[in-house]
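Protein chains: 2
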Amino acid sequence: MKKIKIGLLGFGTVGQGVWKILNSNMDEIISKCGYEIEIKKILVKDINKKRCVDVPKEILTTNSDDIFYDEEIKIIVELIGGAHPAKEYIIKAAECKKHIVTANKLVVASFADEIFKAVNENNVMIYYEASVGGGIPIIKGINESLTANKIKEITGIVNGTTNYILTKMTDEGLEFEEALKQAQNLGYAEADPTSDVEGFDAVYKLAIMASLSFNTSVDINSIYREGIGRIKAVDIEYAKRFGYVIKLLAIAKEEDNLELRVHPAMVEKNHPIANVGDSFNAIFIKGNAVGDLLLCGRGAGDLPTGSAVVSDIISIIRNNFDVPYNFNYEVNSSKMPIKQSKEFISKYYIRLDVKDQAGVLGQIANIFGQHNISILSVTQDVFAEHKVNLVFVTHDAKYGNIVDSLEKIKTLNSVNGIENVIRIYEFN
Amino acid sequence: MKKIKIGLLGFGTVGQGVWKILNSNMDEIISKCGYEIEIKKILVKDINKKRCVDVPKEILTTNSDDIFYDEEIKIIVELIGGAHPAKEYIIKAAECKKHIVTANKLVVASFADEIFKAVNENNVMIYYEASVGGGIPIIKGINESLTANKIKEITGIVNGTTNYILTKMTDEGLEFEEALKQAQNLGYAEADPTSDVEGFDAVYKLAIMASLSFNTSVDINSIYREGIGRIKAVDIEYAKRFGYVIKLLAIAKEEDNLELRVHPAMVEKNHPIANVGDSFNAIFIKGNAVGDLLLCGRGAGDLPTGSAVVSDIISIIRNNFDVPYNFNYEVNSSKMPIKQSKEFISKYYIRLDVKDQAGVLGQIANIFGQHNISILSVTQDVFAEHKVNLVFVTHDAKYGNIVDSLEKIKTLNSVNGIENVIRIYEFN
Ligand SMILES: NC(=O)c1ccc[n+]([C@@H]2O[C@H](COP(=O)([O-])OP(=O)(O)OC[C@H]3O[C@@H](n4cnc5c(N)ncnc54)[C@H](OP(=O)(O)O)[C@@H]3O)[C@@H](O)[C@H]2O)c1
Ligand SMILES: NC(=O)c1ccc[n+]([C@@H]2O[C@H](COP(=O)([O-])OP(=O)(O)OC[C@H]3O[C@@H](n4cnc5c(N)ncnc54)[C@H](OP(=O)(O)O)[C@@H]3O)[C@@H](O)[C@H]2O)c1
Chain B
1 MKKIKIGLLG FGTVGQGVWK ILNSNMDEII SKCGYEIEIK KILVKDINKK
51 RCVDVPKEIL TTNSDDIFYD EEIKIIVELI GGAHPAKEYI IKAAECKKHI
101 VTANKLVVAS FADEIFKAVN ENNVMIYYEA SVGGGIPIIK GINESLTANK
151 IKEITGIVNG TTNYILTKMT DEGLEFEEAL KQAQNLGYAE ADPTSDVEGF
201 DAVYKLAIMA SLSFNTSVDI NSIYREGIGR IKAVDIEYAK RFGYVIKLLA
251 IAKEEDNLEL RVHPAMVEKN HPIANVGDSF NAIFIKGNAV GDLLLCGRGA
301 GDLPTGSAVV SDIISIIRNN FDVPYNFNYE VNSSKMPIKQ SKEFISKYYI
351 RLDVKDQAGV LGQIANIFGQ HNISILSVTQ DVFAEHKVNL VFVTHDAKYG
401 NIVDSLEKIK TLNSVNGIEN VIRIYEFN
Chain A
1 MKKIKIGLLG FGTVGQGVWK ILNSNMDEII SKCGYEIEIK KILVKDINKK
51 RCVDVPKEIL TTNSDDIFYD EEIKIIVELI GGAHPAKEYI IKAAECKKHI
101 VTANKLVVAS FADEIFKAVN ENNVMIYYEA SVGGGIPIIK GINESLTANK
151 IKEITGIVNG TTNYILTKMT DEGLEFEEAL KQAQNLGYAE ADPTSDVEGF
201 DAVYKLAIMA SLSFNTSVDI NSIYREGIGR IKAVDIEYAK RFGYVIKLLA
251 IAKEEDNLEL RVHPAMVEKN HPIANVGDSF NAIFIKGNAV GDLLLCGRGA
301 GDLPTGSAVV SDIISIIRNN FDVPYNFNYE VNSSKMPIKQ SKEFISKYYI
351 RLDVKDQAGV LGQIANIFGQ HNISILSVTQ DVFAEHKVNL VFVTHDAKYG
401 NIVDSLEKIK TLNSVNGIEN VIRIYEFN
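Residue numbers (full-length UniProt numbering), protein chains in the order written: chain B, 1 to 428; chain A, 1 to 428.
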């Protein structure tokens, strides 16, 4: 049997997932690529750390040169995470003429141009299916299956932690803090949940999907971002009443210019994406030929993510890893203009805490009217003495107008506070 | 700009879809493969037929040799449909050293081994993404993205016509015949709807998916098949009451041996697949690494199907169409053993028309008991004087036992008839 040797950088959740898959599925893998895949060396920080799999000690190393300068190693798999030294390692791997597989969304989203340049110059391949949507074949989907399309939109639930939290809140009526704690206990959320909960993780993934779909370079700092920390059980209750489910969406669509945004949104409860619960991910794509496409699956975890990593390794082998690669990764110097957040148009759910007194509804409705915002429905619930939840659902409105009107509404004597503002997202 | 010339066999719905996509999306296509794609010749039956697109007359021909023996044509796209001469044309294309793209599920399902042999011997490539699920990237999904997995199950809604009919019945309470007529008026169903309605189309698609997923040769005649013609509005009503939606499922799963079946089934209304309505398709895959994956999209239509065909053409170009192809298509001489239908295990919905008299429930329950079938629920509704709908939902039971027990129940004096038997399918 022909054999190919690879090196891993990092042996955490995903690295050990790759190890497990290579151990259990080698027959299938050989039938798919004609090679046995052997992990020759693994870079870690701490050789003596206890691992979930039995790995011979001599395979582990803390010296990256053992991998970069090993002539036998053809493919390097970066599973360290974080920006540095992951980025430098990827570029060094290219310089050492090794093909690269990575699961690192932060690095691909932040340094794509630099990395693709190094990869092109050295005639090697890079694959990064695992960086978005775990085991969901979204990168190959865009790059290899939707090639006949102008892609008009790509919108998804791309963060499993927040989807788990929102599902718990929806199914069990929990508040955010309780649901987060449960997610942490189960290992779905990290001790510092900022990257997931505040939407940064989704921003990286959106940047990768959007740059491939729209063939443009996306600056992660240009992506509008809101986390889920402000969602309350009561908002979820109202969403249900109105026929919606709240999801953290990452949205990219072309309308005049490119609209990029990550924020919680109410989606119609009958849309297939609304029923993607738990820690699952789902990505919706609209192409001008294929129409609407939806891909759902496990967005994280050792085996689903490992599945994508190993299939990338197999793709490299099938593409004939021994000859210099002749495909140019697009280095996008040009950028599509990005739509300003004040131009975002959608329906809005607006929940106010107001005093129980005559005239308040009229005052507020007037202000909305002055800002070109028309109201689809108003719901009023007394939730304590003299305190009233006043919930507006608007027709399509510009975010800039929403912000301006709320600035004024906030100053009204009868208004105790703007409790929440959540977009309603309609797939169309 | 480098140019590649292709020939089409057939210029109906899909052929014209391919034409439209090449016309509207050529910039995207060039950016994806570096070549302009030109349709040099198109084989049709009737040159003078009116087409939906403006095609220069000199491109059309009724002589297939104009395509097979044109040295400039590198890729032949078979879009004629039917078994013959489509199969012979595909083999002849290979012999003429042309790469092949086809959307023909009947041919791929029926003659895969013969076709792959010809393709291997002539070092050409064949792609057939459009043969299953229209624009959904299921073939590339299995062949290129899930390569690290042992696939355990692949189950889907793969026929858009029947899904449209069942959705109409569900949403509007129509009977089958009315819904079928509407589908025919809209062009979703053919004048002779047998292939769709009786499940043959789904059988072909299941054979293709199963042979790739389980690396085995599947005889289409070994696939258990039931159509949707016996589903009544009242069954859909009961399904709703019990929390289910009825779908025509194509199921392949490995459990000891290979279980292959196409039949209507009740699925839980909260499963994402239950909300895939209209003429959409959805395919669920379970891999031992990736876990659960669901792909949904348009399973038919000129542009969605054309999207898959054109992306296959692009794949051939990217794989370097000028050099002999070195990948061997698996010709499966060995077959996995197929599970007998009497061994199929599932919950069953059984609707009986019985006389309104004492003791009938006891008699029936006894017979089920004698056949090892335990009852989950019984519902009784009087629907006319002395006529009662008696609906059983069973726990998991063997189909053989269900058949045997119904044979006996049928003979009871108090039973007017077995009205319907529908499986309840649980994704797990
Ligand atoms: N976890 C998931 O489900 C998932 C899903 C999709 C994508 N990803 C991505 O996959 C990558 C890996 O994630 P993970 O969850 O596997 O991370 P992890 O569990 O934290 O593992 C990181 C590994 O890298 C090693 N490492 C870290 N810094 C290093 C350094 N400077 N030098 C040498 N070794 C170093 C660690 O060594 P020690 O073991 O010795 O500490 C550890 O083995 C990340 O980019 C992540 O975003 C993860
Ligand atoms: N329609 C869909 O949405 C769809 C979706 C997925 C897959 N498919 C598959 O795609 C294939 C094509 O389907 P379609 O709907 O495009 O079929 P179609 O509309 O019936 O078109 C068939 C074309 O083939 C030509 N043709 C038929 N027999 C011929 C022969 N013996 N010699 C020369 N030309 C012949 C016809 O010529 P004339 O025009 O002169 O009559 C016509 O242009 C089928 O295999 C089908 O299963 C279709």
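Built from N, CA and C at the ideal position, the CB exists for glycine as well.
Any non-hydrogen atom of ligand 2 closer than 7 Å to residue i Cβ
i, result
"Glu11/A", "Sequence inspection shows Phe at residue 11/A; the Glu mentioned does not correspond to that position. Flag set: Cβ of Phe11/A near ligand 2."
"Ala103/A", "yes"
"Thr305/A", "yes"
"Leu43/A", "yes"
"Lys50/A", "no"
"Leu212/B", "no"
"Pro264/A", "no"
"Ile80/A", "yes"
"Val14/A", "yes"
"Gly400/A", "no"
Residue i and residue j closer than 8 Å at C-beta
i, j, result
"Thr305/A", "Gly160/A", "no"
"Tyr204/A", "Ile228/A", "no"
"Val77/A", "Val101/A", "yes"
"Gly10/B", "Lys40/B", "no"
"Val310/B", "Ile29/B", "yes"
"Val218/B", "Ala210/B", "yes"
"residue 508/B", "Glu129/B", "Given that chain B is displayed from residue 1 to residue 428, the structure contains no residue 508/B and the question cannot be resolved."
"Val44/B", "Ala103/B", "no"
"Leu79/B", "Val158/B", "no"
"Pro272/B", "Pro272/A", "yes"
"Ile75/B", "Thr62/B", "no"
"Ile314/A", "Lys87/A", "no"
"Asn123/B", "Asn275/A", "no"
"Thr379/A", "Val388/A", "no"
"Ser242/A", "Thr155/A", "Note that residue 242/A is Phe in the sequence shown, not Ser. No, Cβ-Cβ distance for Phe242/A and Thr155/A is not below 8 Å."
Cross-strand partners of residue i (DSSP beta bridge)
i, result
"Cys296/A", "Leu294/B and Ala282/A"
"Met266/B", "Ile246/B and Ile424/B"
"Leu9/A", "Leu43/A and Glu78/A"
"Asp30/A", "A quick correction: the sequence has Ile, not Asp, at residue 30/A. Paired residues: none, contrary to the question."
Cβ-heavy atom distance, residue i to ligand 1, below 7 Å
i, result
"Ser131/B", "yes"
"Gly156/A", "no"
"Asp46/B", "yes"
"Gly301/A", "no"
"Lys205/B", "no"
"Ile223/B", "no"
"Pro85/B", "yes"
Close-in-space but distant-in-sequence residues of the same chain around residue i (CB under 6 Å, 5 per side omitted)
i, result
"Asp235/B", "Asn420"
"Gly299/A", "Gly133, Gly134, Gly160 and Asn281"
"Phe344/A", "Tyr399"
"Ile142/A", "Leu212 and Ser213"
Proximal residues to residue i (C-beta, below 7 Å), its chain only, five neighbours per side dropped
i, result
"Ala183/A", "Thr161, Tyr164, Ile165 and Ala189"
"Gln16/A", "Arg51, Cys52, Val53 and Asp302"
"Val360/A", "Val354 and Ser414"
"Lys92/B", "Phe68"
Own chain residues within Cβ distance below 8 Å of residue i, not counting five before or after
i, result
"Phe200/A", "Thr194 and Arg225"
"Val55/B", "Phe11, Trp19 and Ile42"
"Gly291/B", "none"
"Met26/A", "Glu36 and Ile37"
When Cβ atoms are compared, which residues of the region 206-217 of chain B fall closer than 9 Å to chain A? Answer set for the region 206-217 of chain B: Asn215.
Just by C-beta distance, which residues in the region 160-174 of chain B are closer than 9 Å to chain A? Result list empty, no residue passes.
Near-chain A residues of the region 320-344 of chain B - C-beta to any C-beta below 7 Å: Against chain A - using a Cβ distance shorter than 7 Å - the region 320-344 of chain B contributes no residues.
If contact means a Cβ-Cβ distance below 9 Å, which residues of the region 41-71 of chain A contact chain B? Legend: CB atoms of the region 41-71 of chain A lying less than 9 Å from CB atoms of chain B are not found in any residue.
Listed in chain order, which residues of the region 286-298 of chain A have Cβ atoms closer than 9 Å to some Cβ of chain B? Listed by position, the residues of the region 286-298 of chain A near chain B (Cβ gap below 9 Å) are Gly287, Asn288, Ala289, Val290, Gly291, Asp292, Leu293, Leu294, Leu295, Cys296, Gly297 and Arg298.
Any residues in the region 398-415 of chain B with a beta carbon nearer than 8 Å to a beta carbon of chain A? Which ones, in chain order? For the region 398-415 of chain B, the beta-carbon criterion of a distance under 8 Å to any beta-carbon of chain A is satisfied by none of its residues.
Quick one, which residues of the region 145-159 of chain B are near chain A if we go by CB-CB under 9 Å, in chain order? Under the 9 Å Cβ criterion, the region 145-159 of chain B contributes Ser145, Leu146, Thr147, Ala148, Asn149, Lys150 and Ile151.
Anything in the region 26-40 of chain B with a Cβ closer than 8 Å to a Cβ of chain A? List those residues in chain order, please. For chain A, the residues of the region 26-40 of chain B that bring a beta carbon within less than 8 Å of one of its beta carbons are Glu28, Ile29, Ser31, Lys32 and Cys33, in chain order.
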